[in-house]
Each structure stands twice: as C-alpha cells, then as structure tokens.
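Here our numbering is used: position 18 in the sequence shown is 18, and no number is missing along the way. Where a beta carbon is used, it is the ideal one built from N, C-alpha and C, also for glycine. Since we're looking at a predicted model, the values are computed, not measured.
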Amino acid sequence: SQIADIKIIGHVISVGNVRAETFDESVIEQNPVRCADLEAAKKMEEFILLMKEEQDSCGGIVQVIAKNVPAGLGSPTYWKIKSELA
1 SQIADIKIIG HVISVGNVRA ETFDESVIEQ NPVRCADLEA AKKMEEFILL
51 MKEEQDSCGG IVQVIAKNVP AGLGSPTYWK IKSELA
C-alpha cells in the first residue's frame with residue numbers, strides 16, 4: 001500500500017565539464033543520459049562518446065529529489081559502518 005504521494009526524481013546534473021543549466025522534468029525520460037536540460041543532454045552524450053572513442057572516462061554528478069515525503073518517515077542510522085560510508 002502507498003503511504004503518501006511520494007515522488008522520486010533522478011537526473012544527471014553534469015558529465016565531465018558539461019553542466020545542465022535548466023531543469024525541465026518532462027525531458028528527463030526523453031534522452032539517454034537522463035538530463036533535465038535537453039541542450040546539455042546532447043552535449044553530454046557527445047562528450048561521453050568522445051571519452052569512449054579516446055578510451056577514457058570522466059566523472060559526473062546526479063541529483064535525486066524526493067517530493068512529498070512525510071516528516072519522520074524512516075529512521076536515522078548512527079554508528080554503523082553503512083552510515084559512516086554515506
């Protein structure tokens with residue numbers, strides 16, 4: 001059963017030196033890099049393909065947004081190895 005109208009949104013903010021400048025949730029599923037900025041998504045895809053061609057790698061940043069999460073949902077974790085890694 002569903003507790004609340006919780007919505008989770010995950011999207012890519014940057015790949016290498018290419019960074020999203022706008023946020024349009026409706027375009028996230030419309031591109032292979034799941035970026036909320038279509039113009040940046042095209043540049044990110046080109047950059048990834050360039051890195052692949054050069055047999056190199058690059059870093060990136062993703063953002064996950066949780067909307068409508070009720071206060072107090074879940075419990076804090078203290079003094080466990082997993083919490084230390086987080």
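Worksheet item: Are Asn31 and Ala40 close, meaning C-beta to C-beta below 7 Å?
Response: no
Worksheet entry | Cα-Cα separation, Gly74 to Gly10 | 20 Å
Item to complete: Determine the burial state of Val12: buried for a count of at least 16 other Cβ atoms within 10 Å of its Cβ, exposed for fewer.
Response: buried
Fill in: Given Val15 as reference, the closest of Val64, Arg34 and Lys67 once Cα atoms are compared
Arg34
Fill in: Coarse secondary structure for Ile48, derived from DSSP in three states
helix
Worksheet item: Checking contacts by CB at 7 Å: is Lys7 closer than that to chain D?
Response: In the structure shown, chain D cannot be found, because there is only a single protein chain.
Practice prompt. Rounded to whole angstroms, what's the CA-CA distance from Glu25 to Val18? Just pull it up for me.
Written response: 18 Å
Practice prompt. Would you kindly report the start and end of the unbroken beta strand (DSSP E) that includes Ile61?
Written response: Gly60 to Lys67
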